[in-house]
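K.L.:
Per our numbering, the very first residue in the sequence shown carries number 1; after that it's consecutive.
From the three backbone atoms N, C-alpha and C, an ideal C-beta is built for every residue, glycine too.
None of the values given here were measured: they were computed from a predicted structure.
Have a look at this one.
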Amino acid sequence: MAADDFQQDSLQDNSSIYNQSGEYQSSIDSLLRNLEIGQEQNDSILMLNSIHELANIYDEREKYDSALIFYKRAIRLAEATGDKASLASMQNNLGTIYLAWGNYQRAFNLYLSSLNICGEIEDSTGISRSLNNIGIIYSDWGEKGISLKYYRRSLEVDSLLGDIEGQSKTLNNIATLFDEMGDKERALRYYFRALGLAALTEDHYMIAVASSNIGGYYLEIEDLETAADYYFKTMEEYILDGSIIGQAETYILIGDLYQAQKEFSAALDYYTQGLEILVPRKLNWSIMNAYESMHQVYIEQGNYREALTYFSQFHDLKDSIFSIETSTQLALLTNAYEIQQKDQEMELQQVRMNEQKAKIRWQRSIMIILGVVILTIIIFALLLARQYRLRMKAWKQLLVQHKEILRNRQELIIAKEQAEESDRLKSTFLVNISHELRTPMNGIMGFTDLLQKGSVTPDKHQLYLSYIASSSRQLLKVLNDIIDISSIETKQLKLDIRSCSLHQIFKDLLEYFNKEKAESNKEKIELICKLPPEAGQHSCMGDAKRLSQVVFNLLNNALMFTKEGSIEFGYKIIDKKSLLLYVKDTGIGIERSNFDLIFERFRQVDDSTTRQHSGSGLGLSICKELANLMNGRIYLESELGKGSTFYVEIPFVPAG
């Protein structure tokens with residue numbers, strides 16, 4: 001693993017507001033006060049947040065020994081409180097510290113546990129971090145193929161989340177992997193992608209990491225000038241980020257640069273500066289790389305004694321990091337220590353149990369007396385509680401009954417008002433409908449009597465027949481409206497869906513209402529039918545009779561309430577999905593407050609017995625019900641005194 005890999009996650013985590021402003025000690029003091037308050041109040045959440053934040057601050061300040069102590073305490077609290085999100089985050093951070101120290105087994109276990117928890121709570125960001133960190137471990141142990149698989153899974157998650165910072169870190173690790181596999185050109189492309197994303201977010205730490213890796217590439221191809229530019233750029237970014245460890249690792253890299261330039265004294269100076277920072281922090285991987293470089297410098301100088309010393313230290317450190325035997329021994333020692341601790345705890349428990357037995361004998365008599373007293377108090381308290389519950393139950397029942405009475409009373413008032421309104425509407429409707437039935441019937445009977453007398457001229461004979469026909473049509477329309485509204489109310493009205501011609505429907509309506517206009521003495525009104533240019537080709541699936549009925553009722557309504565001007569009707573097809581029918585008149589218009597009223601059954605804007613306009617008041621209600629039956633809607637635009645426009649919008653389904 002390169003120095004660029006292992007610090008990319010937890011070393012840049014959250015810190016407090018004080019810490020972000022550089023007031024490091026103030027931040028520590030504030031969090032310690034919060035921790036004391038949490039302990040005094042036994043507030044587990046406050047304690048967890050304080051300890052977690054302390055661990056983050058020490059982690060960011062690269063004081064890993066202190067960070068380790070607080071992370072362990074916070075992890076125990078998170079497990080006790082069930083805070084899985086904090087637990088997963090801290091396991092990732094703690095694993096990164098162990099990874100920096102070369103303890104791969106603990107780091108791997110922590111990363112794997114964090115991955116499982118993040119999967120449970122569906123934390124995508126946490127999943128990406130864990131996958132990335134596990135990839136680093138596999139890379140260090142030489143499992144490049146497995147490592148690449150984990151990196152790519154992490155990159156996929158970051159891409160879906162739009163996490164630019166996460167993508168930058170993962171791309172850098174993939175580049176490092178290709179670099180170690182010998183695919184230098186491909187690695188360089190990935191390094192530059194990582195650098196570009198880091199620049200977008202102004203992430204000084206990742207800019208430094210990517211720059212140092214690019215510098216390493218140019219160092220390998222012996223372009224020392226370019227390598228120097230990138231290494232000193234790396235140092236600038238680490239200084240801006242405040243990463244002491246990053247600066248120390250850059251000292252090692254600059255030492256490598258001077259070694260390549262055969263300036264061995266300068267190289268040793270930089271190695272020494274880096275080790276002064278790295279050794280106290282136990283960052284074994286970077287220390288191991290420095291020892292290896294110093295061994296090579298001393299060989300170049302011919303100082304084989306020092307070369308042997310650093311070669312031995314290099315191999316000792318490498319063996320401690322990568323030795324499976326060492327990891328196994330540490331695990332066995334840990335288990336043995338835990339068993340020893342448990343044995344000691346059991347012995348201590350036995351001593352305490354013996355002491356407690358003596359106390360129990362002395363306390364037993366007192367406990368019996370206390371038990372009797374407590375039992376008496378409990379019985380008395382239970383009786384009081386029972387009495388209290390009975391009273392409260394009775395009180396609640398009274399409240400419920402009172403609310404029920406009020407609710408029933410309100411419902412009765414509303415029902416009474418609705419019944420009275422319904423009776424009034426039906427009475428008004430019966431008066432209107434009887435008038436609408438009697439008027440055409442009187443016309444039919446009157447003109448029939450005149451014809452039966454036989455003393456009329458041929459011209460009047462023909463005129464009387466036309467009056468009889470007109471009155472018959474009016475009577476038939478009223479009866480049809482009554483039948484239709486009855487069918488709608490009983491849910492018996494069904495649509496007869498088949499192919500129909502819109503052009504023919506509107507042509508028939510135009511022909512009919514031109515005759516109706518003449519018979520109604522409204523020849524001054526201009527009747528306009530506007531159809532699309534390709535109307536002759538429009539066929540759709542629908543009920544032609546009901547479509548025609550809707551437009552018929554709207555036209556009849558417009559003709560009834562228009563004295564002069566024009567009536568325009570037609571249709572439009574919108575986006576090949578909707579059929580919009582419309583009827584526009586220049587009649588008396590409707591007040592906005594009556595827009596909803598006119599579509600109600602048994603309702604008219606003017607319900608008085610002295611209305612100026614005839615009609616049953618069912619036409620628009622039938623139009624609304626038919627529009628609903630066709631999965632459509634009806635609405636209008638109107639201004640009092642200027643006219644109205646009615647629209648019916650239904651789904652358009654082409655025939656064939």
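Three-state secondary structure (DSSP) at residue 610?
P.N.:
Position 610 of the sequence shown, counted from the start, is the residue given in the question as residue 610. Annotation note: pLDDT 35 at residue 610 (below 50); position unreliable, coordinate value reported separately. In the structure shown, residue 610 sits in coil (DSSP, three-state: anything other than H, G, I, E or B).
K.L.:
To the nearest angstrom, how far is the alpha carbon of residue 503 from that of residue 633?
P.N.:
On the sequence shown, position 503 is the one that residue 503 refers to. On the sequence shown, position 633 is the one that residue 633 refers to. Each residue's Cα considered, the two are about 22 Å apart.
K.L.:
Under DSSP, the beta strand (DSSP E) around residue 530 begins and ends at which residues?
P.N.:
Locating residue 530 in the sequence shown gives position 530, where the first residue counts as 1. 526 to 530 is the extent of the beta strand (DSSP E) around residue 530.
K.L.:
Going by beta carbon distance, what residues of the same chain come within less than 6 Å of residue 66, once the five residues before and after it are set aside?
P.N.:
Your numbering for residue 66 matches position 66 in the sequence shown. Same-chain partners within the cutoff: 58.
K.L.:
Is it buried or exposed for residue 171, if we count other Cβ within 10 angstroms and need 16 for buried?
P.N.:
As a working mapping, residue 171 is identified with position 171 in the sequence shown. Buried is the call here.
K.L.:
What residues match up with residue 574 in a beta bridge as DSSP calls it?
P.N.:
By 1-based counting over the sequence shown, the position of residue 574 is 574. In the DSSP output, where bridge partners are listed per residue, residue 574 has 578.
K.L.:
At which residue ranges does the segment 34 to 91 contain complete alpha helix (DSSP H) runs of 4 or more residues, listed in the order of the chain?
P.N.:
The segment 34 to 91 contains these whole alpha helix (DSSP H) runs: 44 to 60 and 64 to 81.
K.L.:
Using DSSP's beta-bridge definition, name the partner residues of residue 585.
P.N.:
The count along the sequence shown starts at 1 and reaches residue 585 at position 585. In the DSSP output, where bridge partners are listed per residue, residue 585 has 567.
K.L.:
With a threshold of 16 other CB atoms inside 10 Å of the CB of residue 569, please say whether the residue is buried or exposed.
P.N.:
Position 569 of the sequence shown, counted from the start, is the residue given in the question as residue 569. Buried is the call here.
K.L.:
Is residue 650 helix, strand or coil when you go by DSSP?
P.N.:
Here the question's residue 650 lines up with position 650 in the sequence shown. Correct three-state label for residue 650: strand.
K.L.:
Please classify residue 126 as buried or exposed, where buried requires at least 16 other C-beta atoms within 10 Å of its C-beta.
P.N.:
Working through the sequence shown from its first residue, we reach residue 126 at position 126. Classification of residue 126: buried, given that the 10 Å Cβ count is 16 or more.
K.L.:
Beta-carbon separation of residue 115 and residue 134 under 8 Å?
P.N.:
One-based indexing of the sequence shown puts residue 115 at position 115. One-based indexing of the sequence shown puts residue 134 at position 134. Yes, the pair counts as a contact, with Cβ atoms nearer than the cut-off.
K.L.:
Is the Cβ-Cβ distance between residue 527 and residue 567 less than 8 Å?
P.N.:
Start at 1 with the first residue of the sequence shown, and residue 527 comes out as number 527. Start at 1 with the first residue of the sequence shown, and residue 567 comes out as number 567. In this structure, residue 567 lies closer than 8 Å to residue 527 by Cβ.
K.L.:
Mapping DSSP to helix, strand and coil, what is residue 490?
P.N.:
Residue mapping note: residue 490 aligns to position 490 of the sequence shown, counting from 1. Reduced to three states, the DSSP call for residue 490 is coil.
K.L.:
In the DSSP output, what is residue 498 paired with across the bridge?
P.N.:
In the sequence shown, the residue the question calls residue 498 occupies position 498. For residue 498, which the question treats as bridged, DSSP gives the partners 542.
K.L.:
Mark residue 187 as exposed unless 16 or more other C-beta atoms lie within 10 angstroms of its C-beta, in which case mark it buried.
P.N.:
Taking the sequence shown and counting its residues from 1, one reaches residue 187 at position 187. Residue 187 comes out buried.
K.L.:
Please work out which residues of its chain come closer than 7 Å, Cβ to Cβ, to residue 564, disregarding the five sequence neighbours upstream and downstream, and give them in chain order.
P.N.:
Along the sequence shown, one-based indexing puts residue 564 at 564. Answer for residue 564: 524 and 525, listed in chain order.
K.L.:
When the Cα of residue 643 is compared with those of 552, 364, 541 and 592, which residue comes out closest?
P.N.:
Numbered from its first residue, the sequence shown carries residue 643 at position 643. Residue 643 has its Cα closest to that of 592, out of 552, 364, 541 and 592.
K.L.:
When the Cα of residue 478 is compared with those of 449, 438, 493 and 458, which residue comes out closest?
P.N.:
Indexing the sequence shown from 1 puts residue 478 at position 478. Nearest C-alpha to residue 478: 438.
K.L.:
Could you give the uninterrupted runs of the alpha helix (DSSP H) lying entirely in the segment 259 to 300, keeping only those of 4 residues or more?
P.N.:
List check, alpha helix (DSSP H) in window: 264 to 278.
K.L.:
Could you pull out every residue in the same chain whose Cβ sits closer than 7 Å to the Cβ of residue 295, ignoring the five residues on either side in sequence?
P.N.:
Locating residue 295 in the sequence shown gives position 295, counting from the first residue. Same-chain partners within the cutoff: 307, 310, 311 and 314.
K.L.:
Under the three-state reduction of DSSP, which class applies to residue 637: helix, strand or coil?
P.N.:
Position 637 of the sequence shown holds residue 637. Three-state result, residue 637: strand.
K.L.:
Report the CB separation of residue 317 from residue 291 in whole angstroms; it is logged as a contact under 8 Å.
P.N.:
Residue 317 sits at position 317 when you count from the first residue of the sequence shown. Residue 291 sits at position 291 when you count from the first residue of the sequence shown. Yes, they are in contact, since the Cβ atoms of residue 317 and residue 291 sit about 7 Å apart, within 8 Å.
K.L.:
Taking 8 Å as the cut-off, does the segment 217 to 228 touch the segment 238 to 249 (at least 3 CB pairs, one atom from each stretch)?
P.N.:
Contact between the segment 238 to 249 and the segment 217 to 228 is absent, because fewer than three Cβ pairs lie under 8 Å.
K.L.:
Within 10 Å of its beta-carbon, does residue 655 have 16 or more other beta-carbons around it, so buried, or fewer, so exposed?
P.N.:
Residue numbering aside, residue 655 sits at position 655 when the sequence shown is read from its first letter. Exposed, by the Cβ-count rule.
K.L.:
Anyone know if the C-beta pair for residue 540 and residue 500 falls short of 8 Å?
P.N.:
On the sequence shown, position 540 is the one that residue 540 refers to. On the sequence shown, position 500 is the one that residue 500 refers to. The answer is yes: Cβ separation under 8 Å.
K.L.:
Write down the C-beta distance between residue 95 and residue 110 rounded to the nearest angstrom, noting that I regard them as a contact closer than 8 Å.
P.N.:
Residue numbering aside, residue 95 sits at position 95 when the sequence shown is read from its first letter. Residue numbering aside, residue 110 sits at position 110 when the sequence shown is read from its first letter. That belief holds up - the Cβ atoms of residue 95 and residue 110 are roughly 3 Å apart, short of 8 Å.
K.L.:
Should residue 516 and residue 547 be called a contact, given that it needs their Cβ atoms to be closer than 8 Å?
P.N.:
Counting from one through the sequence shown, the residue named residue 516 turns up at place 516. Counting from one through the sequence shown, the residue named residue 547 turns up at place 547. No. Outside cutoff.
K.L.:
If you draw a straight line from the alpha carbon of residue 647 to that of residue 635, how long is it in whole angstroms?
P.N.:
Here the question's residue 647 lines up with position 647 in the sequence shown. Here the question's residue 635 lines up with position 635 in the sequence shown. If you take the alpha carbons of residue 647 and residue 635, they lie about 5 Å apart.
K.L.:
Is residue 727 buried or exposed, if buried means 16 or more other CB atoms sit within 10 Å of its CB?
P.N.:
Because residue 727 is not part of the residues shown, which for the chain are 1 to 656, the question remains open.
K.L.:
Is residue 124 helix, strand or coil when you go by DSSP?
P.N.:
Translated into the one-based positions of the sequence shown, residue 124 becomes position 124. Three-state DSSP puts residue 124 in a helix.
K.L.:
Do you know offhand how far residue 468's Cα is from residue 553's?
P.N.:
The sequence position of residue 468 within the sequence shown is 468, counting from 1. The sequence position of residue 553 within the sequence shown is 553, counting from 1. Straight-line Cα distance between these residues: approximately 21 Å.
K.L.:
Looking at the strands, I want to know which residues DSSP matches up with residue 645.
P.N.:
Position 645 of the sequence shown, counting from 1, holds the residue named residue 645. Its beta-bridge partners are 584 and 637.
K.L.:
Quick check on DSSP: helix, strand or coil for residue 655?
P.N.:
In the sequence shown, residue 655 corresponds to position 655, counting from 1. Three-state result, residue 655: coil.
K.L.:
Under 8 Å between the Cβ atoms of residue 50 and residue 31?
P.N.:
One-based indexing of the sequence shown puts residue 50 at position 50. One-based indexing of the sequence shown puts residue 31 at position 31. Yes.
K.L.:
Which residues bound the alpha helix (DSSP H) around residue 537?
P.N.:
The count along the sequence shown starts at 1 and reaches residue 537 at position 537. Residue 537 -> no alpha helix (DSSP H), and no H or E assigned at all.
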